[in-house]
Amino acid sequence: MGSASSLFERLGGINLLPVLLAIIAFVLIGSPSTWVTLTVAGLAMGMMIFLMASGLSLVFGLMDVLNFGHSAFVSFGAFIAASVLAALAAWVGADNIALNLLAMFLAIAAAALFGLLAGWVFERVIIKPVYRDHLRQILITMGALIVAEQLILAIWGGSPISVPRPHFLTGSLIIGDISIELYRLFAFALGLIAYIALFTVLNRTRVGLLVRAGVENREMVEALGYRIDRLFIGVFVLGSALAAIGGAMWAGYETLITAAIGSEMMIIVFIVIIIGGLGSIEGSLLGALMVGLMGNYVAFLAPKMALASNMILMMAILLWRLYGLRPAVK
Amino acid sequence: MTTPILQLDGVSTDIAQYHILHEVSLDVPEGGVHVLLGRNGAGKTTTLRTVMGLWKARQGAIRFRGDDIAKLHTSEIARKGIAFVPENMGVFGGLTVEENMRLATHDGSFDRERLDRVYALFPALEKFWTKSSWSLSGGQKQMLAIARAIIERRDLILIDEPTKGLAPAIILNMVDAFREIARETTILLVEQNFLFAKSLGQTVAVIDDGHIAHTGNMADLVDDTALQTKLLSLSLDAHQ
Chain A
-8 MGSASSLFER LGGINLLPVL LAIIAFVLIG SPSTWVTLTV AGLAMGMMIF LMASGLSLVF
52 GLMDVLNFGH SAFVSFGAFI AASVLAALAA WVGADNIALN LLAMFLAIAA AALFGLLAGW
112 VFERVIIKPV YRDHLRQILI TMGALIVAEQ LILAIWGGSP ISVPRPHFLT GSLIIGDISI
172 ELYRLFAFAL GLIAYIALFT VLNRTRVGLL VRAGVENREM VEALGYRIDR LFIGVFVLGS
232 ALAAIGGAMW AGYETLITAA IGSEMMIIVF IVIIIGGLGS IEGSLLGALM VGLMGNYVAF
292 LAPKMALASN MILMMAILLW RLYGLRPAVK
Chain B
9 MTTPILQLDG VSTDIAQYHI LHEVSLDVPE GGVHVLLGRN GAGKTTTLRT VMGLWKARQG
69 AIRFRGDDIA KLHTSEIARK GIAFVPENMG VFGGLTVEEN MRLATHDGSF DRERLDRVYA
129 LFPALEKFWT KSSWSLSGGQ KQMLAIARAI IERRDLILID EPTKGLAPAI ILNMVDAFRE
189 IARETTILLV EQNFLFAKSL GQTVAVIDDG HIAHTGNMAD LVDDTALQTK LLSLSLDAHQ
């Protein structure tokens, strides 16, 4: 038992869990082409969830703030991206990768810009007055979420909105009898870039060092001479922008969105940050990949269990590791 | 008589509905080690945290080099030249020893001379420089917490029960380290370990139930067993 555990740790430890999940799924699914398709879909979904979850995890870790309004940024990101893509329909539908990319870039940039600005206002107006008061945080952020969803209904109406995909992302990559949607590859690549950027900032810069320290012990960072509240605004704004980008990408993935897109995703986002461990980017990535893979595999193998699968995954992990897979504070 | 580096004047602090400090007045002279003694729950930690601004005083003045710092943010108090080593050491376990130390520098770079001094005081830190702080023993974490407080010049270091849970051999090393540190910095030391406190302290204040019950020279308290018994409900002999 001890040697098996030591071998597991040497091979990568809990970082291997998504790989183990994929291997088990491979055995159960049987068909390699189906498995590849589901795995890529799971990884892409995981990366989009990671974008939505990472900011929330850091916000909670750094300031102990429970922001149930986080999903409003996902929803607005999705609708703003959809509107930009609709406005640039000629570029989106053009048989020209440069124009397609530009349209996609502008849609994502508009969502991110909204996330930055709205995140700043949200933190100053909604969050700041209720620092260190969890009950009020829950109440006021839930209230803000309801207001945000009503705003979306007022602006975009109650009917589902169709989200056009840029022409170059509409097809599939065919390798033998394996078919992989290009949009999923794009979503995976974008999520990976975001993770590498976040990881680099957190591990290679002084600001990142402060964030990592602040997640562990806010008071001590202040006692060393730093204003953690100012750092928190930056993290909150960045987290809101990432959520909006995640929402923009998710809109293209779903292709049909409603005002409830954010709150629907929020359950999965909370599962991810609980599985991964609060305040940890690595944990959020690990949790998001597992949730993405699990969701896709189970939807294929036992569709009726799809909704419950991630809850079961969360319970199993919490029974094994009470604070999640890679919590920032051990 | 020199002006005290730190003065508490009628400081009262509440935590939630509890009144912890009651008009505490205390002068900490500049230079050397000064000890705040008291039983569990007497208000020692609250006094240090109030000085650092981690808990705000309800009333009273806290003056550092004559400036009232009672209303300042903790980070501003720290930047005035006060370092804090909390009871739980406040070491960032997820960071390496080097990263912990780097955070305590104002621009992220080390003064080579001061770093060598830290290594000389606490050789274990050089050995574990690139290791995660989680991997350190309790004594090594305490060394790191203190090293962080001295990696740059501070005028005053507040240290909360540094000997708690440490082995006797490590406590002896701490005594030497504190004597060395006190050559350039004033230390306000909160302790329950009277043997450790008396080996370092020049002055002593005893706090009881949120009130200052005694202030004076440590040597006088050491010589007066009856006063020790009265103030601390202990006698030095019992610890020898």
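So the protein sequences, as listed, match chains A and B.
Going left to right, the first sequence walks through residues -8 to 321 as our numbering numbers them.
Going left to right, the second sequence walks through residues 9 to 248 as our numbering numbers them.
Just so it is clear, CB atoms sit at the ideal spot from N, CA and C, and this is done for glycine as well.
Just so we're clear, the structure is a prediction, and the values are computed from it rather than from any experiment.
Buried or exposed: residue i, going by 16 or more other Cβ atoms within 10 Å of its Cβ?
i: arginine 162 of chain B; result: buried
i: aspartate 168 of chain B; result: buried
i: phenylalanine -1 of chain A; result: exposed
i: isoleucine 28 of chain B; result: buried
i: tyrosine 122 of chain A; result: exposed
i: phenylalanine 96 of chain A; result: exposed
i: leucine 247 of chain A; result: exposed
i: arginine 120 of chain B; result: exposed
i: glycine 162 of chain A; result: exposed
i: asparagine 360 of chain A; result: Here chain A comprises residues numbered -8 to 321, so residue 360 of chain A is not present and cannot be evaluated.
i: glutamine 236 of chain B; result: buried
i: leucine 310 of chain A; result: exposed
i: asparagine 91 of chain A; result: buried
i: proline 131 of chain B; result: exposed
i: alanine 135 of chain A; result: buried
i: isoleucine 258 of chain A; result: exposed
i: valine 19 of chain B; result: buried
i: methionine 38 of chain A; result: buried
i: glycine 238 of chain A; result: buried
In three-state DSSP terms, what is residue i?
i: asparagine 225 of chain B; result: strand
i: leucine 269 of chain A; result: coil
i: arginine 66 of chain B; result: strand
i: serine 358 of chain A; result: Residue numbering for chain A in the displayed model covers -8 to 321; residue 358 of chain A lies beyond these limits and cannot be assessed.
i: aspartate 168 of chain A; result: coil
i: serine 140 of chain B; result: strand
i: isoleucine 262 of chain A; result: helix
i: valine 56 of chain A; result: coil
i: glycine 3 of chain A; result: coil
i: serine 20 of chain B; result: strand
i: isoleucine 129 of chain A; result: helix
i: aspartate 184 of chain B; result: helix
i: serine 145 of chain B; result: coil
i: tyrosine 288 of chain A; result: helix
i: valine 198 of chain B; result: strand
i: serine 207 of chain B; result: helix
i: aspartate 232 of chain B; result: coil
i: leucine 215 of chain A; result: coil
With a threshold of 8 angstroms on Cβ separation, who are the neighbours of residue i within its own chain once the five nearest residues in sequence on each side are excluded?
i: methionine 97 of chain B; result: Lys149, Gln150, Leu152, Ala153
i: alanine 86 of chain B; result: Met60, Phe92
i: leucine 173 of chain A; result: Phe159, Leu160, Thr161, Gly162, Ser163, Leu164
i: valine 183 of chain B; result: Phe204, Ser207, Leu208
i: leucine 277 of chain A; result: Ile5, Asn6, Leu8, Pro9, Ile266, Gly267, Leu316, Arg317
Under the DSSP definition of a beta bridge, which residues are partnered with residue i?
i: phenylalanine 92 of chain B; result: B/Leu166
i: aspartate 220 of chain A; result: In the DSSP output, where bridge partners are listed per residue, aspartate 220 of chain A has none listed.
i: isoleucine 1 of chain B; result: Here chain B covers residues 9 to 248 and nothing more, so residue 1 of chain B does not appear.
i: aspartate 86 of chain A; result: BP columns for aspartate 86 of chain A are empty, so no partner.
i: aspartate 124 of chain B; result: According to DSSP, which records beta bridges pairwise, aspartate 124 of chain B is partnered with nothing at all.
i: phenylalanine 72 of chain B; result: B/Leu14, B/Asp75
Could you name the residues of the same chain whose beta carbon sits closer than 6 angstroms to that of residue i, not counting the 5 residues immediately before and after it, in chain order?
i: alanine 101 of chain A; result: Ile71, Val75
i: alanine 251 of chain A; result: none
i: threonine 194 of chain B; result: Ile13, Glu38, Gly39, Leu164
i: arginine 110 of chain B; result: Gly116
i: valine 192 of chain A; result: Gly199
i: glycine 110 of chain A; result: Phe227, Val228, Ser231
Among the options, which one has its Cα closest to the Cα of residue i?
i: asparagine 181 of chain B; options: B/Thr211, B/Gly147, B/Thr53; result: B/Gly147
i: isoleucine 166 of chain A; options: A/Ile152, A/Gly3, A/Thr25, A/Arg1; result: A/Thr25
i: leucine 201 of chain A; options: A/Phe223, A/Leu11, A/Arg1, A/Gly148; result: A/Phe223
i: aspartate 75 of chain B; options: B/Asp17, B/Ile179, B/Ile23; result: B/Asp17
i: glutamate 107 of chain B; options: B/Lys64, B/Leu166, B/Phe136; result: B/Phe136
i: isoleucine 265 of chain A; options: A/Leu136, A/Gly253, A/Ala279, A/Ala81; result: A/Ala279
i: asparagine 201 of chain B; options: B/Ala78, B/Ala175, B/Leu144, B/Leu129; result: B/Ala175
i: alanine 185 of chain A; options: A/Ala63, A/Met285, A/Gly230; result: A/Gly230
i: leucine 327 of chain A; options: A/Leu183, A/Arg312, A/Met296, A/Tyr288; result: The structure shown has nothing for residue 327 of chain A, since chain A only spans -8 to 321.
i: glutamate 140 of chain A; options: A/Ala63, A/Met305, A/Leu284, A/Ile236; result: A/Ala63
i: tyrosine 26 of chain B; options: B/Val36, B/Ala65, B/Ser33, B/Gln15; result: B/Ala65
i: serine 141 of chain B; options: B/Gly102, B/Ile179, B/His114, B/Ile159; result: B/Gly102
So does residue i have its beta carbon nearer than 8 angstroms to some heavy atom of the ligand SAM?
i: phenylalanine 223 of chain A; result: This structure lacks the ligand SAM; in fact it carries no ligand of any kind.
Please go through the same chain and pick out, in chain order, the residues whose beta-carbon is closer than 7 angstroms to the beta-carbon of residue i, but skip the five residues on each side of it.
i: leucine 133 of chain B; result: Val105, Val126, Tyr127, Met151, Leu152, Ala155
i: leucine 80 of chain B; result: Gly61
i: glycine 268 of chain A; result: Gly274, Tyr314, Gly315, Leu316, Arg317, Pro318, Ala319
i: glycine 46 of chain B; result: Lys52, Val214, Ile215, Asp216
i: glutamate 95 of chain B; result: Thr53, Asp168, Glu169, Lys172
Residues, ordered as in the chain, of the stretch 211 to 228 of chain A that lie near chain D by beta-carbon distance below 7 angstroms | Reference to chain D is not applicable here, since the protein chains of this structure are A and B.
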